[in-house]
Amino acid sequence: MIEARGLTKVFRRADKPPGLAASVRHLVRPRYAEHTAVAGIDLSIGAGEAVAYVGPNGAGKSTTVKMLTGIVHPTAGEIRVCGLDPHRNRHANARNIGVLFGQRTQLWWDLPVRDSLALLRDIYRIPERRYRARLDELEPVLGLAGLLPVLARKLSLGQRMRADLAAALLHDPRVVYLDEPTIGLDVTARDAMRGFLRDLRRTGTTLMITTHDLGDIEEVCDRIVILDAGRIIYDGPVTAIKDRLARDRAVHFTLADACPGVDLSTDLPGSRTVAGEDERRVSVVFDRFVHGAGDVLAAMARHARVVDLSIDEPSIDDVVRRVYAGAIGDALPDRVR
Amino acid sequence: MRAHHRTLTRLAWGTVLAYRADFVLQLLGVAVQTVAVIAVWRVVTAGGTGSAAGLTWDQLKAYLLIAFATGTLMSGFTDWQLAERVLSGNVALELVKPVDYQLARFAEALGYVAGEVVVVLAMGTVLLVAFGGVPVPGGAQAVLFLISLLAVIPLKFGLIYLSGMACFWTESYYGVGVARVAVTNILSGALVPIALYPDWLQALCRLSPFPGIVSTPALVFLGEVGVAEAVRLIAWQFVWIAVLWLGARTVWRLAVTRFSAHGG
Amino acid sequence: MREAAALARIYLRMLLGYVRAVLEYRTDALILVLASVLTQLAGIVFLTTVFAQVPALGDWQRWEVIWIFAMVVLAEGIGSLCFEGTWHLALYINLGGLDYLMVRPYPVALQVMGSTLGPNGFSNAVLGLALLGVAATRVDVDWGPVTVGWAVLLMLSGVLVKLAISLASNTTAFWLRSPSSSPAGTVHTLGDLARYPITVYSTGVRAVLVVIPLAFVGYFPAASLFGKGTAGTIGAFTPLVAAACIAGAWAYFRAGMRRYDSVGN
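Protein chains in written order, with numbering that gives the first Met the number 0: chain E, 0 to 336; chain R, 0 to 263; chain D, 0 to 264.
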């Protein structure tokens with residue numbers, strides 16, 4: 000479905016100090032600063048795969064997606080999406096792909112959702128019968144009926160995301176790119192979105208998701224590609240890397256009284272107790288495959304009176320950081336026991 | 000003026016400096032209109048040798064340059080800033096402050112006027128060089144002119160402030176702003192001396208506050224009106240300043256009632 | 000050809016889709032219509048007063064001048080009625096809105112241009128056409144099938160020139176990267192100068208109106224129609240100028256898209 004070889008993108012920014020004199024000088028002898036956003040990526044994604052594409056901000060994720068969708072032309076390398084060069088055949092490629100940028104909407108702001116979808120029907124030249132059938136297919140999973148008469152600017156974030164997803168899937172694309180599809184959603188809306196994406200996969204649609212949310216990755220994807228500084232530093236099964244590197248969970252306690260020197264490592268073997276910013280705060284870091292959060296709370300309750308607590312799930316950023324810090328050898332699938 | 004008013008004026012002046020390119024470009028409209036209108040009138044007065052409506056080419060030129068100056072003063076950021084406060088809902092923040100909102104906005108507008116004075120002097124010089132000099136009045140006439148010119152500032156403020164409040168009832172200011180400029184152009188005598196209008200239109204102008212913006216200072220400058228008539232016209236300017244200032248307070252109270260009822 | 004028809008049909012659907020949004024802000028639309036009528040009224044009051052003083056502006060008779068004025072009003076009207084989105088290009092570029100447009104099977108420039116609709120365009124177009132209609136009966140032209148056809152072609156060319164100028168001046172936003180469309184607004188403001196015969200201006204101003212081809216919106220085509228010597232001869236080339244302007248603006252837009260590609264966000 001998606002084949003990329005040696006994909007590279009170098010941006011050229013005018014190296015121009017502010018001020019009129021500098022602008023004039025720039026006109027005479029332009030100088031540019033080059034910035035390599037993506038540095039030679041090879042990627043091969045088959046039909047029906049769901050791939051998480053992750054990495055720290057500025058790693059080149061969105062530039063890759065922009066190249067794969069045809070928005071941006073690669074400086075070097077080859078891309079084929081469904082057999083087409085996405086930039087050269089932008090319009091033909093557009094019919095094969097669906098795109099959702101979670102932080103932006105493609106709906107017409109001042110129009111009811113129904114009118115936006117009708118406009119997209121016209122733009123994609125979807126026959127009326129096919130269009131109605133598609134809306135019927137999307138209705139039960141996205142709950143569109145209630146959204147259709149609402150102006151886009153009056154939708155809640157979760158509703159907006161559902162309507163935008165319908166807009167991205169209207170022409171029944173074979174490849175769908177999702178950029179932060181659950182960002183800003185509440186727990187219920189997030190679960191619904193992930194459920195929908197799983198169903199979408201089952202229909203044979205290829206998914207590529209860029210996200211910072213480990214839940215999105217765990218629940219929707221089976222393959223993860225980690226990017227750093229424009230290069231792929233890991234490409235393999237999600238389970239392998241997650242079990243290996245995303246084990247640590249942390250519980251942050253606020254205690255009723257100062258409790259210096261409290262240590263749960265004897266109660267919970269393998270855990271670490273870390274002092275917080277004052278003597279009433281303390282954090283316990285533990286392996287989520289060995290202990291549960293309940294065990295940690297119970298153990299702490301034996302030592303001190305707990306006023307408040309919060310739990311930190313391992314984040315994909317931690318995973319990426321650890322991969323980058325050299326844990327990558329351990330993370331390779333064949334080394335996982 | 001109290002201390003916080005001086006601060007507001009200074010802040011507005013700072014805005015002018017920070018956005019000087021946008022500020023000047025916004026004022027370009029009046030300058031371009033002036034170029035077109037002066038050029039047309041030059042042809043009408045047979046290339047500057049004849050006269051129209053009893054005004055010589057030099058007098059007409061002076062008239063239109065005054066129209067340019069008063070058209071530019073209090074026009075750049077004032078109305079958009081007023082409208083923006085209402086449309087964004089930030090006006091709610093002002094309501095809880097222990098300051099007179101209208102007076103505060105006037106203080107702010109004076110900061111923009113300072114920027115506009117600079118623009119008027121610069122562009123006015125260019126226009127004078129392009130079209131040639133004009134006769135300058137002296138003595139009592141000059142004093143009266145300065146008074147009527149200064150009166151333009153609070154007078155225009157009243158009109159702009161009122162039109163900006165239209166945003167309590169609309170979603171955007173663009174149309175209101177354009178309509179205000181168009182009505183001002185017709186009724187103030189900015190494009191042609193009012194005396195050239197048919198009688199009914201002249202009567203309509205005289206009943207409105209608009210001639211006080213252009214026609215009054217321009218006619219006083221040209222000495223087209225005697226001292227007694229000049230004093231009468233200037234008094235009329237001040238009557239309108241008072242009416243608009245108090246009227247704006249009434250509309251403001253209505254708007255705020257509505258604003259609180261609708262929650263913005 | 001069939002493809003062009005399909006593109007045009009989709010474009011029309013986009014515009015019609017937006018009519019609903021205009022109705023959503025009915026008060027604002029009405030104010031905008033009223034404002035544009037008042038603006039044109041100010042121009043008409045000015046011209047009427049001027050022609051109460053003199054029968055002609057140099058070579059140009061009263062109704063010939065009104066013809067120029069009306070052509071500009073018509074071009075501005077059609078511009079805001081059908082291509083108002085052009086003015087949103089800077090916003091699209093700077094808020095990342097182009098990305099979605101680029102993954103749809105429809106030309107990006109047309110999607111931007113058709114993304115909104117200016118209700119004031121309606122009144123301006125109607126007013127411009129009405130003025131042209133009245134002026135047509137008062138000017139010294141022998142109306143026959145050929146002259147009518149030529150006049151219509153000149154009008155359409157003028158509209159296209161104005162459209163090309165709007166597109167090109169807004170396209171500058173690709174290089175400026177600021178969400179306001181100041182340079183385009185400045186060019187549009189200069190358009191006020193082109194409402195009158197450019198013979199009233201000094202050489203410098205005339206040169207500006209020829210270089211930024213605003214004079215080809217109303218003045219030159221009218222000069223051709225009314226047979227005004229050299230200006231009329233130049234005016235006969237208005238359709239070619241229009242084609243060149245559109246091609247140039249389109250190419251400039253494509254250069255802007257390449258720039259967007261190479262600079263990144």
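We put the CB at the ideal spot given by N, CA and C, even for glycine.
Report the rounded CA-to-CA distance for residue i versus residue j, giving the unit in angstroms.
| i | j | result |
| --- | --- | --- |
| Asp-277 (chain E) | Asp-256 (chain E) | 11 Å |
| Met-101 (chain D) | Thr-35 (chain E) | 22 Å |
| Arg-301 (chain E) | Asp-266 (chain E) | 10 Å |
| Val-158 (chain D) | Phe-68 (chain D) | 13 Å |
| Trp-86 (chain D) | Leu-94 (chain D) | 14 Å |
| Arg-257 (chain R) | Thr-249 (chain R) | 13 Å |
| Ala-162 (chain E) | Thr-204 (chain E) | 19 Å |
| Met-112 (chain D) | Leu-102 (chain R) | 42 Å |
| Val-318 (chain E) | Gly-269 (chain E) | 19 Å |
| Leu-6 (chain E) | Met-160 (chain E) | 30 Å |
| Leu-145 (chain R) | Ala-235 (chain D) | 52 Å |
| Tyr-52 (chain E) | Gly-59 (chain E) | 10 Å |
| Val-37 (chain E) | Glu-83 (chain R) | 42 Å |
| Gly-211 (chain R) | Leu-7 (chain R) | 27 Å |
Can residue i and residue j be called in contact, C-beta distance under 8 Å?
| i | j | result |
| --- | --- | --- |
| Pro-238 (chain D) | Leu-128 (chain D) | no |
| Val-107 (chain D) | Met-256 (chain D) | yes |
| Pro-313 (chain E) | Leu-206 (chain E) | no |
| Ala-249 (chain E) | Val-283 (chain E) | yes |
| Leu-42 (chain E) | Val-224 (chain E) | yes |
| Ala-124 (chain D) | Leu-80 (chain D) | yes |
| Tyr-172 (chain R) | Leu-86 (chain R) | yes |
| Phe-22 (chain R) | Phe-76 (chain R) | yes |
| Trp-174 (chain D) | Arg-253 (chain D) | no |
| Ala-151 (chain E) | Leu-119 (chain E) | no |
| Pro-216 (chain R) | Val-151 (chain R) | yes |
| Thr-183 (chain R) | Phe-220 (chain R) | no |
| Leu-99 (chain E) | Leu-196 (chain E) | no |
| Val-43 (chain R) | Val-53 (chain D) | yes |
| Val-216 (chain D) | Ala-74 (chain D) | yes |
Output yes if chain E places a C-beta closer than 8 Å to the C-beta of residue i; else output no.
| i | result |
| --- | --- |
| Arg-1 (chain D) | no |
| Tyr-91 (chain D) | no |
| Met-112 (chain D) | no |
| Ala-150 (chain D) | no |
| Gly-95 (chain D) | yes |
Got a sec: is the Cβ-Cβ distance from residue i to anything in chain R below 8 Å?
| i | result |
| --- | --- |
| Ile-272 (chain D) | Here chain D covers residues 0 to 264 and nothing more, so residue 272 (chain D) does not appear. |
| Ser-351 (chain D) | The requested residue 351 (chain D) is not part of the displayed model; chain D covers only 0 to 264. |
| Ala-248 (chain D) | no |
| Tyr-195 (chain D) | yes |
| Thr-202 (chain D) | no |
Whose C-beta lies closer than 7 Å to the C-beta of residue i among residues of the same chain, with five residues either side of it excluded?
| i | result |
| --- | --- |
| Val-64 (chain D) | Leu-46, Leu-56, Tyr-195, Pro-196 |
| Ala-165 (chain R) | Val-175 |
| Ile-182 (chain E) | Gly-101, Gln-102 |
| Asp-178 (chain E) | Ser-61, Val-64, Leu-99, Phe-100, Gly-101, Thr-209 |
Can you give me the Cβ contacts of residue i inside the same chain, cut-off strictly under 6 Å, excluding the 5 residues immediately before and after it?
| i | result |
| --- | --- |
| Ala-167 (chain D) | Ala-248, Tyr-251 |
| Trp-59 (chain D) | Pro-196 |
| Arg-271 (chain E) | Val-284 |
| Arg-137 (chain D) | Trp-62 |
| Thr-170 (chain D) | Tyr-251, Phe-252, Gly-255 |
So with Cβ pairs under 8 Å, would you call residue i a contact of chain D?
| i | result |
| --- | --- |
| Thr-14 (chain R) | no |
| His-90 (chain E) | yes |
| Asp-121 (chain E) | yes |
| Ile-70 (chain E) | yes |
| Val-175 (chain R) | yes |
With a CB to CB cut of under 8 Å and the five nearest residues on each side skipped, what residues in its chain are close to residue i?
| i | result |
| --- | --- |
| Leu-127 (chain R) | Leu-64, Val-133 |
| Val-255 (chain R) | Leu-94 |
Relative to the ligand ADP, is the shortest distance from any of its heavy atoms to the C-beta of residue i smaller than 7 Å?
| i | result |
| --- | --- |
| Arg-246 (chain E) | Of ligands this structure carries none, so the ligand ADP is not represented either. |
**Study point:** Contact set between the segment 18-41 of chain R and chain D, restricted to residues whose Cβ is under 8 Å from the partner
**Key:** Contacts with chain D (Cβ-Cβ distance below 8 Å) from the segment 18-41 of chain R involve Ala-20, Asp-21, Leu-24, Leu-27, Gly-28, Val-31, Gln-32, Val-34, Ala-35, Val-36, Ala-38, Val-39, Trp-40, Arg-41, listed in chain order.
Review point. If you measure beta-carbon to beta-carbon, which residues of the segment 84-100 of chain R are closer than 8 Å to chain D?
Key: Residues: none.
Check your understanding: For the segment 42-70 of chain D, which residues have a CB atom closer than 8 Å to at least one CB atom of chain R, in sequence order?
Key -> Under the 8 Å Cβ criterion, the segment 42-70 of chain D contributes Val-44, Phe-45, Thr-48, Val-49, Ala-51, Gln-52, Val-53, Leu-56, Gly-57.
Practice item. Please list the residues of the segment 2-25 of chain D that have a C-beta atom closer than 8 Å to any C-beta atom in chain R, keeping them in chain order. Key: Those residues of the segment 2-25 of chain D that come within reach of chain R (Cβ to Cβ, closer than 8 Å) are Tyr-24.
**Study point:** Members of the segment 205-236 of chain E that neighbour chain D once the beta carbon cut-off is set at 7 Å
**Key:** Cβ contacts with chain D come from no residue of the segment 205-236 of chain E.
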